[in-house]
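Chains as they are written, first to last, in the working numbering: chain A, 1 to 294; chain B, 295 to 486. Where a beta carbon is used, it is the ideal one built from N, C-alpha and C, also for glycine.
Next comes the structure, spelled out in structure tokens:
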């Protein structure tokens, strides 16, 4: 019985119970203070578990993994594979799985800011991106070389696709609706540079939130904008750091994704979307003007 | 809000382009989460990256098996988990499985520097002590945010099994943390 009770409590926390089961658990919680304490402990431990692994997704991805994802490693390089290859069962199409609703838990703003070193607020809010400070010279040369080969843009396009594929289930590290003050206070203490989140409402684009993404193995800010106007959105604006010389806005393309990118005073920008280049040019003008990025 | 879905890699594979840019792009985009999942499974950064690298290589070789309409990240989680289970079995055969957790966590000096970091290290250590199936379930649901049904697909077990594994994991974790004591203090200090 205790086992079932624990299962019910955990499933309740995870939002996995139907309405009737939820009511049973809530009645149980109402009747027994000890169960409420147990629930509170479970909530706390879940937060600790998420916190223990939160930083990992913001670490620069090792180049060897990016190379492996591109198929640039030899077949014999499967060093970690088991000696006896396992069967990978094919996942069957299941729409309820493919389009599942977002889970109920989210990182709090303070935790997100503390862990990710990144803070975003509503439109017009200043954003500190300390992790985007110019990298070391050797690393910067690497970024420059990578930019030349288009990896930076490959990653910017990939991050855009990830956001688009996630749809309504997309998790943003810092939603647009959060109060930025606490995180801004923390982040401002250690960050010399701040940029603004451009207001793109005149284009019908609403700021959805921000994610810290890996671009060419390094952290970059991805600002996500959404709109009901299928001719324009969704769009993402990726901002990274560079010591490379400024370049004018340049158009590129990855499959069905258009990119307009440029560098200005130590920052690399990429506006990414399915929309046509004409729109991107207009929006980029607006972005550049607002961010003093041209 | 309308979202356009990118082409599934399986479709590209059917055209004879199994390692298309699109497939690699999706793989690269999911790498941070794969690293996190692998870190939770293995408890060690280097071992986790080796695991992810192996998973990437296998995914590219099996790109044609990916089914359009399914989640790419779940497919990759499954590959990571499958390889990891194979590694565990191989270690068991070779009798290499041992007291690695302390070594894994002890190598991260930064973790020990700040009290809050100590708390996180204790959490990771507690997770590392869980049985492999419970550890994987905890990572998939609690950290990666999969639903029970999605986790069941990844693990290849019924939803009820996921539910029971998760409950056991959460309770065991709670007991580990309570026994550690330091977690509570650190968490409270961090809040103060």
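### Message
Restricting to Cα atoms, I'd like to know which of 162(A), 249(A) and 288(A) is closest to residue 366(B).
### Response
Translated into the one-based positions of the second chain, residue 366(B) becomes position 72. Nearest of 162(A), 249(A) and 288(A) to residue 366(B), Cα basis: 162(A).
### Message
Just to make sure I have the definition right: I need the residues of chain B whose C-beta is within less than 7 Å of the C-beta of residue 207(A). Which are they?
### Response
Within the first chain, numbered from 1, the residue matching residue 207(A) stands at position 207. Near residue 207(A) there are no residues of chain B at all, since even the closest Cβ is about 13 Å away, more than 7 Å.
#### Entry: Beta-carbon spacing of residue 296(A), residue 262(A) below 8 Å
Here chain A covers residues 1 to 294 and nothing more, so residue 296(A) does not appear.
### Query
Does DSSP put residue 238(A) in a helix, in a strand, or in coil?
Locating residue 238(A) in the first chain gives position 238, where the first residue counts as 1. Three-state DSSP puts residue 238(A) in a strand.
### Classification of residue 362(B) by the beta-carbon crowding that lies within 10 angstroms, buried from 16 upward
Here residue 362(B) refers to the residue found at position 68 when the second chain is read from its first residue. Residue burial annotation: residue 362(B) is exposed, with fewer than 16 other C-beta atoms found within 10 angstroms of its C-beta.
### Task
Determine the chain B residues that contact residue 244(A) at a beta-carbon separation under 8 Å, and present them in chain order.
Taking the first chain and counting its residues from 1, the one referred to as residue 244(A) is at position 244. In chain order: nothing, as chain B lies at least about 22 Å away.
### Task
Flag residue 240(A) as yes if its beta-carbon sits less than 8 Å from any beta-carbon of chain B, otherwise no.
If you number the first chain from 1, residue 240(A) lands on position 240. So, not an interface residue.
### Message
When you compare the stretch 441-453 of chain B with the stretch 415-425 of chain B, are there three or more beta-carbon pairs, one atom per stretch, that lie closer than 8 Å?
### Response
No, the stretch 441-453 of chain B is not in contact with the stretch 415-425 of chain B.
### Task
Check whether the Cβ atoms of residue 460(B) and residue 431(B) sit closer than 8 Å, and answer yes or no.
Taking the first residue of the second chain as 1, we reach residue 460(B) at position 166. Taking the first residue of the second chain as 1, we reach residue 431(B) at position 137. The answer is yes: Cβ separation under 8 Å.
### Query
Around the Cβ of residue 238(A), are there at least 16 other Cβ atoms within 10 angstroms (buried) or fewer (exposed)?
To locate residue 238(A), count along the first chain from 1; it is residue 238. Burial call: buried.
### Chain-ordered neighbours of residue 42(A) on chain B, where CB pairs are closer than 7 Å
Translated into positions along the first chain, residue 42(A) becomes position 42. Simply 464 and 468.
### Three-way DSSP call (helix, strand, coil) for residue 18(A) in this model
Here the question's residue 18(A) lines up with position 18 in the first chain. Residue 18(A) sits in coil when the DSSP states are folded into three classes, being neither helix nor strand.
#### Entry: Cβ neighbour criterion (16 or more within 10 Å) applied to residue 275(A)
As a working note, residue 275(A) is residue 275 in the first chain. Flag for residue 275(A) reads buried.
### Message
Between the alpha carbons of residue 65(A) and residue 230(A), how many angstroms are there, rounded?
### Response
The sequence position of residue 65(A) within the first chain is 65, counting from 1. The sequence position of residue 230(A) within the first chain is 230, counting from 1. If you take the alpha carbons of residue 65(A) and residue 230(A), they lie about 35 Å apart.
### Query
If you draw a straight line from the alpha carbon of residue 14(A) to that of residue 442(B), how long is it in whole angstroms?
One-based indexing of the first chain puts residue 14(A) at position 14. One-based indexing of the second chain puts residue 442(B) at position 148. Residue 14(A) and residue 442(B): Cα-Cα distance of roughly 9 Å.
### Query
CB residue 153(A) to CB residue 252(A), shorter than 8 Å?
Taking the first chain and counting its residues from 1, one reaches residue 153(A) at position 153. Taking the first chain and counting its residues from 1, one reaches residue 252(A) at position 252. Yes, Cβ-Cβ distance for residue 153(A) and residue 252(A) is below 8 Å.
### Query
For the ligand FMN, is there a heavy atom less than 7 Å away from the beta-carbon of residue 355(B)?
This structure lacks the ligand FMN, and indeed carries no ligand of any kind.
### Query
Alpha carbon to alpha carbon, what distance is there between residue 340(B) and residue 289(A)?
For this step, residue 289(A) is matched to residue 289 along the first chain. For this step, residue 340(B) is matched to residue 46 along the second chain. Their Cα atoms are separated by approximately 44 Å.
### Task
Specify the secondary structure class of residue 436(B) as computed by DSSP and reduced to three states.
As a position in the second chain, residue 436(B) is number 142, starting the count at 1. For residue 436(B), the three-state secondary structure derived from DSSP is helix.
### Query
For the candidate residues 240(A), 29(A) and 57(A), whose alpha-carbon lies nearest to that of residue 264(A)?
In the first chain, counting from the first residue as 1, residue 264(A) sits at position 264. Measuring from the Cα of residue 264(A), the nearest candidate turns out to be 240(A).
### Query
What's the call for residue 285(A), buried or exposed, on a 16-neighbour Cβ count within 10 Å?
On the first chain, position 285 is the one that residue 285(A) refers to. Exposure of residue 285(A) is indicated by the presence of fewer than 16 other C-beta atoms within 10 angstroms of its C-beta.
### Query
List, in order along the chain, the chain A residues whose C-beta lies closer than 7 Å to that of residue 316(B)?
Residue mapping note: residue 316(B) aligns to position 22 of the second chain, counting from 1. Using a Cβ-Cβ cut-off of 7 Å, residue 316(B) is close to 255 of chain A, given in chain order.
### Query
Can you tell me where the beta strand (DSSP E) with residue 276(A) in it begins and where it stops?
As a position in the first chain, residue 276(A) is number 276, starting the count at 1. Residue 276(A) -> no beta strand (DSSP E), and no H or E assigned at all.
#### Entry: Alpha carbon of residue 165(A) to alpha carbon of residue 34(A), nearest angstrom
Translated into positions along the first chain, residue 165(A) becomes position 165. Translated into positions along the first chain, residue 34(A) becomes position 34. Rounded to whole angstroms, residue 165(A) to residue 34(A) spans 43 Å at the Cα level.
### Task
Flag residue 161(A) as yes if its beta-carbon sits less than 8 Å from any beta-carbon of chain B, otherwise no.
Here residue 161(A) refers to the residue found at position 161 when the first chain is read from its first residue. Judged by the 8 Å Cβ criterion, residue 161(A) is in contact with chain B.
### Residue-level contact to chain B via CB, residue 16(A), 8 Å cutoff
Start at 1 with the first residue of the first chain, and residue 16(A) comes out as number 16. Answer yes: the Cβ-Cβ gap between residue 16(A) and chain B drops below 8 Å somewhere.
#### Entry: Simplified DSSP assignment, three categories, for residue 360(B)
The residue you call residue 360(B) lines up with position 66 of the second chain. Coil at residue 360(B), not helix or strand.
### Message
Counting only Cβ-Cβ distances shorter than 7 Å, please list the residues of the stretch 433-452 of chain B near chain A, keeping chain order.
### Response
Those residues of the stretch 433-452 of chain B that come within reach of chain A (Cβ to Cβ, closer than 7 Å) are 435, 436, 437, 439, 441, 442, 443, 444, 447 and 450.
### Under 8 Å (Cβ pairs) to chain B, residues found in the stretch 49-73 of chain A
Correct list: 49, 50, 51, 52, 53, 56, 57, 58, 59, 61, 62, 64, 65, 66, 68, 69, 70, 71 and 73.
### Task
Answer with buried or exposed for residue 36(A), where buried requires no fewer than 16 other C-beta atoms within 10 angstroms of its C-beta.
Stepping through the first chain from its first residue, residue 36(A) is reached at position 36. With fewer than 16 other Cβ atoms within 10 Å, it is exposed.
### Query
What residue does the beta strand (DSSP E) around residue 38(A) start on, and which one ends it?
Position 38 of the first chain, counting from 1, holds the residue named residue 38(A). Bounds of any beta strand (DSSP E) do not take in residue 38(A); it lies within the alpha helix (DSSP H) bounded by 33-54.
### Task
Taking residue 322(B) as part of the alpha helix (DSSP H), name the residues at either end of that continuous run.
For the purposes of this step, residue 322(B) is taken as residue 28 along the second chain, with counting starting at 1. Segment 315-336, the alpha helix (DSSP H) holding residue 322(B).
### Message
Quick check on the DSSP output: the beta strand (DSSP E) that includes residue 249(A) runs from which residue to which?
### Response
Locating residue 249(A) in the first chain gives position 249, counting from the first residue. Note, residue 249(A): beta strand (DSSP E), 247-254.
### Query
Within the 8 Å Cβ cut-off, does residue 10(A) reach chain B?
Reading the first chain from its first residue, position 10 is the one you call residue 10(A). Interface residue, yes.
### Query
By Cβ distance, which residues of its chain are closer than 7 Å to residue 331(B), with the 5 residues on each side in sequence left out?
Stepping through the second chain from its first residue, residue 331(B) is reached at position 37. Apart from the 5 residues on each side of it in sequence, residue 331(B) sits with its Cβ closer than 7 Å to the Cβ of 371, 374, 433 and 438 in its chain, given in chain order.
### Query
Who are the neighbours of residue 334(B) on chain A, taking C-beta pairs under 8 Å?
Here the question's residue 334(B) lines up with position 40 in the second chain. The answer, in chain order, is 53.
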